[in-house]
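Structure record follows, encoded as structure tokens.
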Amino acid sequence: MRLKRKIHTGLNWLGNRREARGGVLLYHRVAEPDLDPFNLCVSPANFERHLAALAENGRVLSLHEFMEKKNRGQLERGSVSLTFDDGYLDVLTHALPLLEKYEIPATLFVTTGNLGEAFWWDHLAALVYGSSFLPDTLLLEPTQSSPLLIGNLSTKGLYDLLYPILRSASTERRETIFSTLSSQLDGADHAQPQRCASAEELREAAQHPLLTIGAHTVTHSRLCSLDYRSQVREVSESIETLSSIIGKRIDTLSYPFGLENRDFNGETLAAAREAGVRYGFAADLNAVTHETDDLVIPRLWVHNKGENAVKVPLQLWTGTKLASNIGLSS
Ligand SMILES: [Zn+2]
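Sequential numbering of the sequence shown, starting at 387, is according to this note's numbering.
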């Protein structure tokens, strides 16, 4: 009987440890641009609706508080923390005033290779969507023997064709492709991509009591496609750059693109650990439990919808079901 009771108590404890406790929200931008091919933007109006719902819930924590409570086994059900990936400037210009209004803290995961500049995918969107014409064929590199046939492809079709090619290209090849494409499409003359915050803007942001800064690598590459030493370098150099800009220690990382076993793997976790990362954040959708691995914290990508975008997961996290168990997609 004693053994049975012990097992029962043990299973209860384990069940409690594995229960959904809360979640980390993943945002990218707060803006309403004409062009948003990856749905990275939440409008300021919807973002304010989210913050109002979160303020009502009353369990919004800074990321470190959230993680420390999780590790002490004291994360209250329905606890939430906000994160923004990439380091876009509009997080400072559009999101921060609203975070101040509701006194809600957030963490910004910043890519250091293009501070003050636009990401390549935004340059590509501007180049393709902004172009006043689409040619029948396209060369990616000046030495290419047979050009890509564009035919009747729509603008979106062309963007979707080029994006994976550029994503898997090295930085050098990507630059070659860009300069070749720029001579065949005139989008860059008409569309201006949103840039990221500069080093100076980040330095100022890091002084704000509601904001903390985390790393998001140097080049925003799919880490598991790199060898181990390059993965360590991507993480440690981004941490060093950010630490020297803001004058504070950095121990959090968000994995670019963010899906476990597609964009990062076990080797990446070892590289992150070696680079001094304490808490690693993924883009896999799930709730956080007291058992969740500190280096693979799932997040909920919040889309440009009204308050239900955060209210529905809050209701689930306040209950006992994992968000993923009922196939929640946003
Ligand atoms: Zn990112």
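For every residue, glycine included, the Cβ atom is placed at its ideal position computed from N, Cα and C.
- Item | Alpha carbon of residue 580 to alpha carbon of residue 417, nearest angstrom | Walking along the sequence shown from the start, residue 580 turns up at place 194. Walking along the sequence shown from the start, residue 417 turns up at place 31. One alpha carbon belongs to residue 580, the other to residue 417, and they sit about 10 Å apart.
- Message: Considering only DSSP beta bridges, list what residue 600 is partnered with.
- Response: Within the sequence shown, numbered from 1, the residue matching residue 600 stands at position 214. As a beta-bridge residue in DSSP terms, residue 600 pairs with 495.
- Task: Examine ligand 1 and report whether any of its heavy atoms sits within less than 7 Å of the Cβ of residue 508.
- Result: Residue 508 sits at position 122 when you count from the first residue of the sequence shown. Here the distance from the Cβ of residue 508 to the nearest heavy atom of ligand 1 is not below 7 Å.
- Item | Coarse secondary structure for residue 466, derived from DSSP in three states | Looking up residue 466 in the sequence shown gives position 80. Reduced to three states, the DSSP call for residue 466 is strand.
- Query: beta strand (DSSP E) containing residue 409: first to last residue?
  - Reply: For the purposes of this step, residue 409 is identified with residue 23 of the sequence shown, where counting begins at 1. For residue 409, the enclosing beta strand (DSSP E) covers residues 408-413.
- Query: Tell me, which residues are paired with residue 474 by DSSP?
  - Reply: Taking the sequence shown and counting its residues from 1, the one referred to as residue 474 is at position 88. Residue 474 pairs with 582.
- Message: Between which residues of its own chain and residue 345 is the CB-CB distance below 6 Å, once the five residues before and five after are set aside?
- Response: An answer regarding residue 345 cannot be provided, because it is not within the stretch 387 to 716 covered by the chain.
- Query: Would the beta-carbon of residue 684 be found less than 7 Å away from any heavy atom of ligand 1?
  - Reply: Stepping through the sequence shown from its first residue, residue 684 is reached at position 298. Every heavy atom of ligand 1 is 7 Å or more from the Cβ of residue 684, so no.
- Query: When every heavy atom of ligand 1 is checked, does at least one fall within less than 7 Å of the C-beta of residue 642?
  - Reply: On the sequence shown, residue 642 is found 256 positions in, with the first residue counted as 1. Residue 642: yes, Cβ under 7 Å from ligand 1.
- Task: Put residue 636 into one of helix, strand or coil per three-state DSSP.
- Result: Position 250 of the sequence shown, counted from the first residue, corresponds to residue 636. Note: residue 636 maps to coil in three-state DSSP.
- Task: Say yes only if the C-beta of residue 689 is nearer than 7 Å to one or more non-hydrogen atoms of ligand 1, and no if none qualify.
- Result: Translated into positions along the sequence shown, residue 689 becomes position 303. No, Cβ of residue 689 sits at least 7 Å from all heavy atoms of ligand 1.
- Task: Decide yes or no for the touch test of the region 478-497 against the region 553-564: beta carbon pairs closer than 8 Å, at least 3 of them.
- Result: Per the Cβ contact rule, the region 478-497 is not in contact with the region 553-564 (fewer than 3 Cβ pairs under 8 Å).
- Message: Tell me which residue opens and which closes the alpha helix (DSSP H) that residue 452 is part of.
- Response: If you number the sequence shown from 1, residue 452 lands on position 66. Per DSSP, the unbroken alpha helix (DSSP H) holding residue 452 starts and ends at 449-457.
- Considering only C-alpha positions, which residue in the set 601, 600, 617 is nearest to residue 608? One-based indexing of the sequence shown puts residue 608 at position 222. The candidate whose alpha carbon is nearest that of residue 608 is 617.
- Query: Taking the C-alpha atoms as reference points, what is the distance between residue 448 and residue 492?
  - Reply: Mapped onto the sequence shown, residue 448 falls at position 62. Mapped onto the sequence shown, residue 492 falls at position 106. Distance between the alpha carbons of residue 448 and residue 492 is about 6 Å.
- Item | Within the region 481-538, ranges of the beta strand (DSSP E) (whole runs, at least 3 residues) | Counting only runs of 3 or more, we get 492-496.
- Message: Is the beta carbon of residue 536 closer than 8 Å to that of residue 588?
- Response: In the sequence shown, residue 588 corresponds to position 202, counting from 1. In the sequence shown, residue 536 corresponds to position 150, counting from 1. No, the Cβ-Cβ distance between residue 588 and residue 536 is not below 8 Å.
- Between residue 552 and residue 563, what straight-line distance do the alpha-carbon atoms span, to the nearest angstrom? Within the sequence shown, the letter at position 166 stands for residue 552. Within the sequence shown, the letter at position 177 stands for residue 563. In a straight line, the C-alpha of residue 552 is about 8 Å away from that of residue 563.
- In this structure, does DSSP put residue 665 in helix, strand or coil? Counted from its first residue, the sequence shown places residue 665 at position 279. In this structure, residue 665 counts as strand in the three-state DSSP scheme.
- Query: With C-beta atoms as the reference, is residue 659 less than 8 Å away from residue 681?
  - Reply: One-based indexing of the sequence shown puts residue 659 at position 273. One-based indexing of the sequence shown puts residue 681 at position 295. Contact flag set, yes.
- Query: What are the boundary residues of the alpha helix (DSSP H) that residue 694 is part of?
  - Reply: Numbered from its first residue, the sequence shown carries residue 694 at position 308. 694-704 is the span of the alpha helix (DSSP H), which, as asked, contains residue 694.
- Task: Report yes or no: do the region 471-479 and the region 445-459 share at least 3 C-beta pairs separated by less than 8 Å?
- Result: Not touching, per the Cβ criterion.
- Message: When you compare the region 528-543 with the region 584-599, are there three or more beta-carbon pairs, one atom per stretch, that lie closer than 8 Å?
- Response: The way I'd put it, the region 528-543 doesn't touch the region 584-599; fewer than three beta-carbon pairs between them come closer than 8 Å.
- Message: So for residue 646, helix, strand or coil by DSSP?
- Response: If you number the sequence shown from 1, residue 646 lands on position 260. Note: residue 646 maps to strand in three-state DSSP.
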